[in-house]
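Here our numbering is used: the first residue of the sequence shown is 135, the next is one more, and so on.
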Amino acid sequence: MFQDFIAVMLINLAAGLALLAHYIYVNPEKGTRKSWAAGFFATGFLGLLTSFAMIVMWPLPGSYNVAFGEPALLLSVAFLAAAITLTFEWEPLIPAIYGAFGGLAAIIVGIRLADLHMTQSPTIAMLGYVTAGIGGILVMPALQWRKVRGIAIITAIILGIAAVIWAITGYEAIWGHIADFSKWLPATMLQHTGK
135 MFQDFIAVML
145 INLAAGLALL
155 AHYIYVNPEK
165 GTRKSWAAGF
175 FATGFLGLLT
185 SFAMIVMWPL
195 PGSYNVAFGE
205 PALLLSVAFL
215 AAAITLTFEW
225 EPLIPAIYGA
235 FGGLAAIIVG
245 IRLADLHMTQ
255 SPTIAMLGYV
265 TAGIGGILVM
275 PALQWRKVRG
285 IAIITAIILG
295 IAAVIWAITG
305 YEAIWGHIAD
315 FSKWLPATML
325 QHTGK
């Protein structure tokens, strides 16, 4: 029996992308940015816990650990860096530059998942990764040229689309996992049931 915490990872990703989309759209002034730190920290912290565990323990079969764990780790570190940056009122462009590299990795992963026909819905997974990746890359110019509202609006829309894709995928995973694992027993309980 493998461990599967992909659902919580995907919902965390969706929440983080929605928060980032809202941040980019609102374009808060320097004095009000600090209040966003808690949301970015929550996303980064949960993402770090789950993605690090996935990379170290390899709980899923095959390269699913690479496809889900590594991009999630990059994104989680970017969210944690953003939380620290906003807390200390530093320039948020710096974590965005780091995040752009994670965005490019997400695009590559999405294309490769579709190419290998991995996941139950490879096209949806690819769309989720590619939109998240493009949105992640666009955060950098959206922050660099804050006064150009068109860049912020396009970035927020793309991040919002990615958030919706991952939210639907994550909630569907919860729905399916509850049924899939409803009869599963841990090894300690198997000894007591005689199976």
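All C-beta atoms in this analysis are idealised placements derived from N, C-alpha and C, irrespective of residue type, glycine included.
Own chain, CB closer than 7 Å to residue i, minus 5 neighbours either side, in chain order
i: Ala201; result: Val243, Leu247, Met252
i: Ala216; result: Phe174, Pro226, Pro229
i: Pro256; result: Leu247, Ala248
i: Ala141; result: Gly304, Ala307, Ile308, His311
i: Leu91; result: In the structure as shown, the chain begins at 135 and stops at 329. Residue 91 is therefore absent and cannot be evaluated.
i: Ala321; result: none
i: Gln278; result: Leu227
Which of helix, strand or coil DSSP assigns to residue i
i: Trp309; result: helix
i: Thr253; result: coil
i: Trp300; result: helix
i: Ala226; result: According to the sequence as given, residue 226 is Pro; it is not Ala. Coil at Pro226, not helix or strand.
i: Arg280; result: coil
i: Ser197; result: coil
i: Phe315; result: coil
i: Trp192; result: coil
i: Glu163; result: coil
i: Pro320; result: coil
i: Phe202; result: helix
i: Phe213; result: helix
i: Ala149; result: helix
i: Phe235; result: helix
i: Phe139; result: coil
Assumed close pair residue i, residue j - CB separation to whole angstroms, cut-off 8 Å
i: Leu207; j: Ile218; result: With a Cβ gap of about 17 Å, Leu207 and Ile218 do not count as contacting.
i: Gly267; j: Gly237; result: 4 Å
i: Ala240; j: Gly270; result: 6 Å
i: Asp138; j: Pro193; result: 7 Å
i: Leu220; j: Ala171; result: 4 Å
Status (buried if at least 16 other CB within 10 Å, exposed otherwise) for residue i
i: Leu324; result: exposed
i: Ile312; result: exposed
i: Thr166; result: exposed
i: Val160; result: exposed
i: Leu319; result: exposed
i: Leu250; result: exposed
i: Ala155; result: buried
i: Gly262; result: buried
Own chain residues within Cβ distance below 6 Å of residue i, not counting five before or after
i: Leu272; result: Thr289
i: Gly150; result: Thr177, Phe213
i: Thr265; result: Ile292, Ile295, Ala296
i: Ala152; result: Ala297
i: Ser185; result: Gly203, Ala206, Leu207, Ser210
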